[in-house]
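So in the numbering used here, spot 9 of the sequence shown is number 19, and the numbers just go up one at a time.
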Amino acid sequence: MLDVEEVSITKNIKVYPVPSKDKITVDVNGNDQKPVQLALYDLNGTLIFSHEIYDTYVMDIQSLNIQQGMYVLRVEGENLFEVHKIVYAP
């Protein structure tokens, strides 16, 4: 299962569903097709995954071969910054 808790400055990004077992969707609609950088970190600050997106993106958490636990998804772009807590529990 995957639980997502949002900590946001801009409220422009949606991360869902809550909960999910394998995939999360990152929705940046309304961002005028400007690049947005996704970065997934473990709690030690180790970068697990990084990807640039322009619109809605589906991240397959299962394919990352990560352990069950808590992670941090950082979403950053022009005039936006958000951090989402991700709890992965397959």
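Note that beta-carbon positions come from the ideal geometry of N, C-alpha and C, so glycine has one too. Every value quoted in this text rests on a predicted model; they were computed, and no experiment measured them.
*asked:* Are the CB atoms of S60 and L48 within a distance shorter than 8 Å?
replied: The criterion of a C-beta distance shorter than 8 Å is satisfied by L48 and S60.
_Helix, strand or coil at Q47 according to DSSP, with G and I counted as helix_ = Three-state DSSP puts Q47 in a strand.
*So what's I23 in DSSP terms, helix, strand or just coil?*
Coil.
*Is I63 helix, strand or coil when you go by DSSP?*
Shown here, I63 sits in a strand according to DSSP, grouped into three states.
*Please report how far the alpha carbon of Q43 lies from the alpha carbon of V36, in whole angstroms.*
Whole-angstrom Cα-Cα distance: 14 Å.
*Would you call H94 buried or exposed, if buried means 16 or more other Cβ atoms sit within 10 Å of its Cβ?*
Within a 10 Å sphere around the beta-carbon of H94 sit 16 or more other beta-carbons, which makes this residue buried.
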